[in-house]
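Okay, structure first, notes after.
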Amino acid sequence: MNPAQSSSIAVTDELARFAAALDWETVPPHVQAIMPVLMIDMFRAAAVGSDKPWTRAVGQAFGSASGADCASLLYAGRRVEAGRAAFINGTAAGGLDWDDSHVAAIIHPGVCTWPAALAAAEIAGASGRELLTAVLAGYEVAIRVGMSIQPEHSLRGFQGTPTCGALGAAVACARLFRLPAERLRDALGIAATFACGLSQFFVSGSDIKRFHAGKAAANGIEAALLARAGLTGPRDAIEGSQGFGRAFSDRFDPSTAVKDLGRHFPTEWVSLKPHAGSVRMQAAIEGAAMLARAGARVEQVASMELGVHGAMMSKLAANRPVDYQQAQLSTPFAAAMAVALAPGREGPLTLSVDDFEQYLDDPAIRDLSARTRCVVDARVEALTTAEAVPARVTITMKDGSRVEQFVEHPKGCPRNPITADEVVQRFAAIAAPRFGAGPVDAWLEQARHPERLASVAPLFSLRG
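According to the working numbering, the residues represented by the sequence shown are 0 to 463, in order.
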């Protein structure tokens, strides 16, 4: 298609009309069941991230304002202007790299959409059912637009979470403000021009990725507020000749964004992460841990080779991270951590954000990471799907022997999910020491069935 021409598919309008008309009662039961799980997982991430340095810094910058449209800060017991609440809460949840992920769309939809939608739901006095419906609409839009522009979007240096995530957040908020389809389309158009987010952090480190989700959440709710106030966005903001799709990708496919819209829900392909790093690293971490527990001790390893998908080579293959943000995006470093830590831990290995910070300068782990290389693996590429990225881990021991592990469906992907009960358990494990077992149990009773809530107020009951 000539880039000077608009698509014949009215993507922006179709997505807006879908979101405005979505009826919770018509959503397939298995998709309905996913949404509370994704919400609890976002709250878990925010519980960990709410007291991290980057969240405190954003809070200091944006946490003092107040006004008519105010919303709650998670776990803080205070309210600020809604856009700032979305920014701070999105940073708390998204700054950890321990968020939900959609492999094909290359996006973390939950940490953009939930924080914005929770703020909008407070403003609008929305019910739990309205929240779930709006967030599902937001996930669908963010994921579908992401799939229509990836992987070229990422290869050009953009991160899909703050770009596509802003669209999903805007749709969710506009739906909660009960805007008609035409105004919802305006919110989508305004969010499209707000969209931003570069990937230079993969190369140079820095803190910017820590608040990308927060910025997307803020952009989304602000776009919806502007649309509610009567401002307009281009009716073809996504598919137009100068629109989002062509601005952000050389291979924008508008048909992908609307294929089976309302009949198939790619939200069901969302993965949850056992480990606080890229979703594409999870299989390599799992394979390395399995080999370590089978006897490959870190002091006995001569080298490690990771067979990965070619798309990982430019951003996730560096083996000498300069800060712990880069460490969380280094497949060699994460695999080296797994080899070093798995034998000494009981139960399934979990690499937390605190582990990456604690072991960033560990001599044995850094040494093994430097002796670990990523290579493109044909089998991995052949078996990669919209749901999961496999990995091969081959360890050469100092005595010359070799051991190998292939992981096709890593824990957390839709075919090998972190179950609803496991999500609840890991939330409780993090939250109970901070808030107390009783309040956490009471919160989970509400959060497991948010469709029963007359308002979202009970979701903000944990404080401290």
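Each residue gets a CB set at the ideal place from its N, CA and C atoms; glycine is no exception.
*beta strand (DSSP E) containing R401: first to last residue?*
Taking the sequence shown and counting its residues from 1, one reaches residue 401 at position 402. First-last of the beta strand (DSSP E) with R401: 401-406.
*Below 7 angstroms CB to CB, which residues in the same chain sit around G124 once its five sequence neighbours on both sides are set aside?*
On the sequence shown, position 125 is the one that residue 124 refers to. Within the same chain, and ignoring the five residues on either side of G124 in sequence, the residues whose Cβ sits closer than 7 angstroms to its Cβ are S454.
*Straight-line CA distance for T162 to I142?*
Position 163 of the sequence shown, counted from the first residue, corresponds to residue 162. Position 143 of the sequence shown, counted from the first residue, corresponds to residue 142. Cα to Cα, the separation comes out at about 11 angstroms.
*Taking the CB atoms as reference points, tell me whether G204 and D353 lie closer together than 7 angstroms.*
Along the sequence shown, read from residue 1 onward, the residue named residue 204 stands at position 205. Along the sequence shown, read from residue 1 onward, the residue named residue 353 stands at position 354. No.
*Quick one: using the 10 Å Cβ neighbour count with 16 as the cut-off for buried, is G437 buried or exposed?*
Sequence index remark: in the sequence shown, residue 437 carries index 438 (1-based). Exposed.
*Indicate whether V392 and A287 have their beta-carbon atoms separated by less than 7 angstroms.*
As a working mapping, residue 392 is identified with position 393 in the sequence shown. As a working mapping, residue 287 is identified with position 288 in the sequence shown. The answer is yes: Cβ separation under 7 angstroms.
*asked:* I want to know whether the segment 249-259 touches the segment 299-309 - three or more CB-CB distances under 8 angstroms.
replied: no
*Reference F210, options A222, L197, V202, closest by Cα*: Taking the first residue of the sequence shown as 1, we reach residue 210 at position 211. Per the Cα distances, L197.
*Taking C-beta to C-beta, are V47 and I417 nearer than 7 angstroms?*
Residue 47 sits at position 48 when you count from the first residue of the sequence shown. Residue 417 sits at position 418 when you count from the first residue of the sequence shown. Not in contact: V47 and I417 (Cβ atoms no closer than 7 angstroms).
*Would you mind stating whether A60 and A70 have Cβ atoms separated by less than 7 angstroms?*
For the purposes of this step, residue 60 is identified with residue 61 of the sequence shown, where counting begins at 1. For the purposes of this step, residue 70 is identified with residue 71 of the sequence shown, where counting begins at 1. The beta carbons of A60 and A70 sit no closer together than 7 angstroms.
*Buried or exposed: A390, going by 16 or more other Cβ atoms within 10 Å of its Cβ?*
Along the sequence shown, one-based indexing puts residue 390 at 391. A390 is buried by the Cβ-count criterion.
*So, is G82 buried or exposed, given that buried needs 16 or more other C-beta atoms within 10 angstroms?*
On the sequence shown, position 83 is the one that residue 82 refers to. The residue is buried, with at least 16 neighbouring Cβ atoms inside 10 Å.
_Using only the alpha-carbon positions, how far apart do L135 and S277 sit?_
Against the sequence shown, residue 135 aligns to sequence position 136. Against the sequence shown, residue 277 aligns to sequence position 278. C-alpha separation (whole angstroms): 23 angstroms.
*Assign C163 to one of three DSSP states: helix, strand, or coil.*
Here residue 163 refers to the residue found at position 164 when the sequence shown is read from its first residue. Helix, per DSSP.
*Mind pulling the alpha helix (DSSP H) runs of 4 or more residues that sit fully within the segment 49-118?*
52-61, 81-93
*Which of helix, strand or coil does DSSP assign to A44?*
Residue mapping note: residue 44 aligns to position 45 of the sequence shown, counting from 1. A44: helix per DSSP, three-state reduction.
_Can you find the residues in the same chain that come closer than 7 angstroms, C-beta to C-beta, to F355, ignoring five residues on each side of it along the sequence?_
For the purposes of this step, residue 355 is identified with residue 356 of the sequence shown, where counting begins at 1. These residues qualify, in order along the chain: A275, Y323, A326, Q327.
*Evaluate A381 with the Cβ neighbour count: other Cβ atoms within 10 Å of its Cβ, from every protein chain shown; 16 or more gives buried, anything less gives exposed.*
Position 382 of the sequence shown holds residue 381. Result: exposed.
*Compute the Euclidean distance between the alpha carbons of D376 and A385, then round it to the nearest angstrom.*
Walking along the sequence shown from the start, residue 376 turns up at place 377. Walking along the sequence shown from the start, residue 385 turns up at place 386. So the two alpha carbons sit approximately 17 angstroms from each other.
*Hey, out of V338, A194, L230, S7, whose CA is closest to E181's CA?*
For this step, residue 181 is matched to residue 182 along the sequence shown. For the residues V338, A194, L230, S7, the minimum Cα distance to E181 belongs to L230.
*asked:* If you reduce the DSSP assignment to three classes, tell me which class L14 lands in.
replied: Numbered from its first residue, the sequence shown carries residue 14 at position 15. It is helical.
_For T132 and D22, I'd like the C-alpha separation in whole angstroms._
Position 133 of the sequence shown, counted from the start, is the residue given in the question as residue 132. Position 23 of the sequence shown, counted from the start, is the residue given in the question as residue 22. If you take the alpha carbons of T132 and D22, they lie about 7 angstroms apart.
*Relative to the alpha-carbon of V423, which residue among T383, D40, R177 has its alpha-carbon at the smallest distance?*
Taking the first residue of the sequence shown as position 1, residue 423 is located at position 424. With distances taken between Cα atoms, V423 lies closest to D40.
*Apart from the five residues on each side of it in sequence, which residues of its chain come closer than 6 angstroms, Cβ to Cβ, to K397?*
Counted from its first residue, the sequence shown places residue 397 at position 398. Result list for K397: Q299, A301, in chain order.
*Would you mind stating whether A194 and A169 have Cβ atoms separated by less than 7 angstroms?*
Within the sequence shown, the letter at position 195 stands for residue 194. Within the sequence shown, the letter at position 170 stands for residue 169. Taking 7 angstroms as the Cβ cut-off, A194 and A169 do not qualify as a contacting pair.
*Assuming G93 contacts H107 (C-beta within less than 8 angstroms), just tell me the rounded distance between them.*
Sequence index remark: in the sequence shown, residue 93 carries index 94 (1-based). Sequence index remark: in the sequence shown, residue 107 carries index 108 (1-based). That belief holds up - the Cβ atoms of G93 and H107 are roughly 6 angstroms apart, short of 8 angstroms.
*Span of the alpha helix (DSSP H) holding M336?*
Counting from one through the sequence shown, the residue named residue 336 turns up at place 337. Where M336 is concerned, the enclosing alpha helix (DSSP H) stretches over 330-340.
*For N88, is the classification buried or exposed, using 16 other Cβ atoms within 10 angstroms of its Cβ as the cut-off for buried?*
Here residue 88 is taken as the residue at index 89 of the sequence shown, counted from 1. N88 comes out buried.
*Are E267 and V79 closer than 7 angstroms when you measure CB to CB?*
By one-based count along the sequence shown, residue 267 stands at place 268. By one-based count along the sequence shown, residue 79 stands at place 80. No, Cβ-Cβ distance for E267 and V79 is not below 7 angstroms.
*Continuous alpha helix (DSSP H) assignments of at least 4 residues falling wholly in the segment 122-152*: 127-148
_So, for S270: in the same chain, excluding its five sequence neighbours on each side, which residues have a beta-carbon less than 6 angstroms away from its beta-carbon?_
For the purposes of this step, residue 270 is taken as residue 271 along the sequence shown, with counting starting at 1. Closer than 6 angstroms at the Cβ level, and outside the excluded window around S270, lie S100, V278, G411, C412.
*Which same chain residues, not among the five before or five after R155, have their C-beta less than 8 angstroms away from its C-beta?*
The residue given as residue 155 occupies position 156 in the sequence shown. Close CB contacts of R155 within its chain, under the 8 angstroms cut and outside five residues either way in sequence, are with F247, S248, D249 (chain order).
*Could you tell me which residues DSSP pairs with M396 in its beta bridges?*
Within the sequence shown, numbered from 1, the residue matching residue 396 stands at position 397. V300.
_Short of 6 angstroms in beta carbon distance, which residues of its chain neighbour F332, apart from the five on each side in sequence? Order them along the chain._
One-based indexing of the sequence shown puts residue 332 at position 333. Around F332: P320, A326, S368.
*Coarse secondary structure for H29, derived from DSSP in three states*: Sequence index remark: in the sequence shown, residue 29 carries index 30 (1-based). It is helical.
*Would you give the residue range spanned by the beta strand (DSSP E) that V455 belongs to?*
As a working mapping, residue 455 is identified with position 456 in the sequence shown. Per DSSP, V455 belongs to no beta strand (DSSP E) and is neither H nor E.
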